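Undergrad: Got a structure for you, questions after.
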Amino acid sequence: MWSSFKRYFVVLVMIMVLYTFSVILRTSVRPDDGLQGLYKELDFRSSLLERKVSAPKCSKKTNVAFLKVHKAGSTTVMNIFIRFALRNDLNMVLPRRSNGSGFNYLGYGKTIDRKNIIPLPGNETYNILCNHVVYNKEAFDSVMPSDSVYVAIMREPKSHFISAASYYGFIPVLKKVFPELRNASAGILLDRFLREFSRRGDNANRGLAYVNNRQSFDFGIPQTMFRNKLDISSYIQKLDREFPLVMIMEYFDESLVLMKRLLCWDLQEILYVPLNINKGKKKNPVQLPESSEKFLHFFDYADFQMYDHFQKRFKDQVKLQGPDFHDEVNTFKDIKDQVTKFCQSKPLSNRSLTVGPTKWNSKYNLTSEDCKEMMLPELQMMRMLIDSANARYSDWLRVQALNSSPR
Numbered sequence: 001m002w003s004s005f006k007r008y009f010v011v012l013v014m015i016m017v018l019y020t021f022s023v024i025l026r027t028s029v030r031p032d033d034g035l036q037g038l039y040k041e042l043d044f045r046s047s048l049l050e051r052k053v054s055a056p057k058c059s060k061k062t063n064v065a066f067l068k069v070h071k072a073g074s075t076t077v078m079n080i081f082i083r084f085a086l087r088n089d090l091n092m093v094l095p096r097r098s099n100g101s102g103f104n105y106l107g108y109g110k111t112i113d114r115k116n117i118i119p120l121p122g123n124e125t126y127n128i129l130c131n132h133v134v135y136n137k138e139a140f141d142s143v144m145p146s147d148s149v150y151v152a153i154m155r156e157p158k159s160h161f162i163s164a165a166s167y168y169g170f171i172p173v174l175k176k177v178f179p180e181l182r183n184a185s186a187g188i189l190l191d192r193f194l195r196e197f198s199r200r201g202d203n204a205n206r207g208l209a210y211v212n213n214r215q216s217f218d219f220g221i222p223q224t225m226f227r228n229k230l231d232i233s234s235y236i237q238k239l240d241r242e243f244p245l246v247m248i249m250e251y252f253d254e255s256l257v258l259m260k261r262l263l264c265w266d267l268q269e270i271l272y273v274p275l276n277i278n279k280g281k282k283k284n285p286v287q288l289p290e291s292s293e294k295f296l297h298f299f300d301y302a303d304f305q306m307y308d309h310f311q312k313r314f315k316d317q318v319k320l321q322g323p324d325f326h327d328e329v330n331t332f333k334d335i336k337d338q339v340t341k342f343c344q345s346k347p348l349s350n351r352s353l354t355v356g357p358t359k360w361n362s363k364y365n366l367t368s369e370d371c372k373e374m375m376l377p378e379l380q381m382m383r384m385l386i387d388s389a390n391a392r393y394s395d396w397l398r399v400q401a402l403n404s405s406p407r
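This is the structure in structure tokens:
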């Protein structure tokens, strides 16, 4: 009898354990779970961002829209997407013009419009979008396939502001605006400007398109919302749902490995040699006085709100990866250093680099041609792509005309 009771008790305990586990599974995602629930709903944990090498290989994503945010490391990422498109014979969304000011933009200060992009032959579809353009979900969806993955990048707002001010010639302009400070440092000039802007408010917001909340503008936030806390918060939640990954420039290599896992790409497909680097910035870095911080937060309020949100989300996503993520990042950095050293060595012609196999990649050869593609200036590469796409479409039109003409 005692033996029968023990068996009954064991069976009862097993039933209770199974029931409890099933309840946990059913209630693991609730509407009020916040970002954690959102990540699970996006299936990051189970299939995209926590994928292990030992797990069955997932399907490589070839339809990707990358939001190329100004002065945020986006030129390097763009080069990665272009090379991926070329290697896999994919169609890119490209502007019609191959010359003139802003020819490389899909939308100069505005979102994408089909009349401004090169059409495709027949019933072909676009696969990769990675040129400068202002984000608008409906406009992007009208061009890209429904299964496209949306990726973007952001940069810490203070360093972004300084970089943009230096790159776009804002500091020489300030010397004319404040002639009494023409011999002052760039940091002092920017400090004076930020104080004046804070005092005068939005009436001073003219001609500042590339330095005032430019990242938020690229994400499609209207200028009228730049300092509206509720509107910005609502828009951020919208972007959170639409972009499964917003890369963070300060964690650039980590961002690329996360993107690799999300898109199920191979390690060699995210290799790069840094592009668009301001070589003079390390010699004479611009230093903003600490007293400028509160004025900068007012000036770039939307960018700070955006960055705080997506940096936190990025770190949460990294935590979901487990300890092997950092192992892959370190491996990637080692290989990237080998590739950079090889590509920057002289002479480069007719040479190759053999990258040995690791847990994260198979053995492969990197050629001098690969290096040239990684180091080709953006505008030069864009002209080649545009000319090639225009010629291909023109050839298709000629064939169509011949086939439809009376015989």
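So the sequence shown is numbered by my numbering: it starts at 1 and just counts up by one. Glycine included, C-beta positions come from ideal geometry on N, C-alpha and C. Please read all numbers here as calculations on a predicted model, not as lab measurements.
What distance in whole Å lies between the Cβ atoms of F178 and L189, which are believed to be in contact at a cut-off of 8 Å?
TA: L189 to F178, Cβ: 7 Å. Contact.
Undergrad: So, with DSSP's three-state summary, where would you put V246?
TA: In the structure shown, V246 sits in a strand (DSSP, three-state: E or B).
Undergrad: Looking only at its chain, what residues have a beta carbon closer than 8 Å to the beta carbon of N136, apart from the 5 residues adjacent to it on each side?
TA: Correct list, in chain order: T111, I112, G220.
Undergrad: Helix, strand or coil for P406, going by three-state DSSP, please let me know.
TA: Coil.
Undergrad: For the beta strand (DSSP E) holding L353, just list the boundary residues, first then last.
TA: Looking at the DSSP string, the run of the beta strand (DSSP E) that includes L353 is 352 to 355.
Undergrad: DSSP three-state label for N91, please.
TA: Looking at N91 - three-state DSSP - the assignment turns out to be coil, as it is neither helix nor strand.
Undergrad: According to the Cβ coordinates, are N63 and S163 closer than 8 Å?
TA: Cβ distance not < 8 Å, so N63 and S163 don't count as in contact.
Undergrad: What is the C-beta distance between L271 and K176, in whole angstroms, given that I count them as a contact (C-beta under 8 Å)?
TA: No, L271 and K176 are not in contact; Cβ-Cβ is about 44 Å, not under 8 Å.
Undergrad: Could you check what DSSP says for M154 in three-state terms: helix, strand or coil?
TA: M154 falls in the strand class under three-state DSSP.
Undergrad: Under a three-way DSSP split, which group does V339 fall into?
TA: Of the three classes helix, strand and coil, the one that applies to V339 here is helix, per DSSP.
Undergrad: Check each candidate in L174, L267, A391, K260 and name the one with the smallest Cα separation from T358.
TA: Answer by Cα proximity: L267.
Undergrad: May I have the straight-line CA-CA distance separating V286 from L376, to the nearest angstrom?
TA: Distance between the alpha carbons of V286 and L376: 28 Å.
Undergrad: Can you tell me where the beta strand (DSSP E) holding A139 begins and where it ends?
TA: Run containing A139: none in the beta strand (DSSP E); it sits in the alpha helix (DSSP H), 137 to 141.
Undergrad: So which of P172, Q305, L262, H160 has the shortest CA-CA distance to E250?
TA: Nearest C-alpha to E250: H160.
Undergrad: Residues in its own chain within less than 6 Å of F299 by CB, not counting five upstream and five downstream?
TA: Cβ within range, chain order: L194, F197.
Undergrad: I need the straight-line Cα distance from Q400 to N91, nearest angstrom please.
TA: Going by the C-alpha atoms only, they are around 20 Å apart.
Undergrad: Which runs of the alpha helix (DSSP H) at least 4 residues long sit entirely within the region 155 to 224? Give them in chain order.
TA: Runs found: 157 to 167, 170 to 177, 186 to 200, 214 to 218.
Undergrad: On the CB-based measure, 16 or more other CB atoms within 10 Å of its CB, does N131 come out buried or exposed?
TA: Buried, since its Cβ has 16 or more Cβ neighbours within 10 Å.
Undergrad: So, for R87: in the same chain, excluding its five sequence neighbours on each side, which residues have a beta-carbon less than 8 Å away from its beta-carbon?
TA: Counting only Cβ-Cβ distances below 8 Å, and skipping sequence neighbours, we find E269.
Undergrad: Does the Cβ-Cβ distance between Q223 and V69 come in under 8 Å?
TA: Against a cut-off of 8 Å, the Cβ pair of V69 and Q223 comes out as no contact.
Undergrad: What did DSSP end up calling L129 once you bin it into helix, strand or coil?
TA: Correct three-state label for L129: strand.
Undergrad: Run the CB neighbour count on Q317, radius 10 Å, all protein chains shown included, and call it buried at 16 or more, exposed below.
TA: Burial call: buried.
Undergrad: Where does A65 fall in DSSP's three states?
TA: If DSSP states are grouped into helix, strand and coil, A65 belongs with the strands.
Undergrad: Hey, how far is the Cα of F66 from the Cα of R383?
TA: Whole-angstrom Cα-Cα distance: 19 Å.
Undergrad: Kindly indicate which residue of L239, A391, S142 has the alpha-carbon position closest to the one of I153.
TA: Selected option, being the one with the closest Cα: L239.
Undergrad: Evaluate contact between the region 93 to 109 and the region 73 to 80, counting only Cβ atoms and requiring at least three cross-stretch pairs below 8 Å.
TA: Too few Cβ pairs lie closer than 8 Å, so no.
Undergrad: Can you give the Cα-Cα distance for L402 and C371, rounded to whole angstroms?
TA: Approximately 41 Å, taken between the alpha carbons.
Undergrad: Using only the alpha-carbon positions, how far apart do L94 and F217 sit?
TA: So the two alpha carbons sit approximately 21 Å from each other.
Undergrad: Should R313 be labelled buried (16 or more other beta-carbon atoms within 10 Å of its own) or exposed?
TA: Classification for R313: buried.
Undergrad: For A186, count neighbouring Cβ atoms within 10 angstroms of its own Cβ and tell me buried if that reaches 16, exposed if not.
TA: Classification of A186: buried, given that the 10 Å Cβ count is 16 or more.
Undergrad: Identify which residue in D327, N212, E242 has its Cα closest to the Cα of E138.
TA: Looking at the Cα atoms, E242 is the closest of the given residues.
Undergrad: Would you mind working out which of D231, I171, H326 sits nearest D253, comparing C-alpha positions?
TA: Checking every option, the nearest Cα to that of D253 belongs to H326.
Undergrad: Throw me the rounded Cβ distance for the D191 and S292 pair, which I believe falls under 8 Å.
TA: With 8 Å as the limit, D191 and S292 qualify as a contact, their Cβ atoms being about 4 Å apart.
Undergrad: Taking E378 as the reference, which of N99, T367, S352 has the closest Cα?
TA: Of the candidates N99, T367, S352, the one whose C-alpha sits nearest the C-alpha of E378 is N99.
Undergrad: Return the CA-CA distance between L469 and P119, expressed in angstroms with no decimal places.
TA: For the chain, the structure presents residues 1 to 407; residue 469 sits outside this window and is missing.
Undergrad: How would you call S74, buried or exposed, if buried means at least 16 neighbouring beta carbons within 10 angstroms?
TA: With 16 or more Cβ atoms within 10 Å of its Cβ, S74 is classed as buried.
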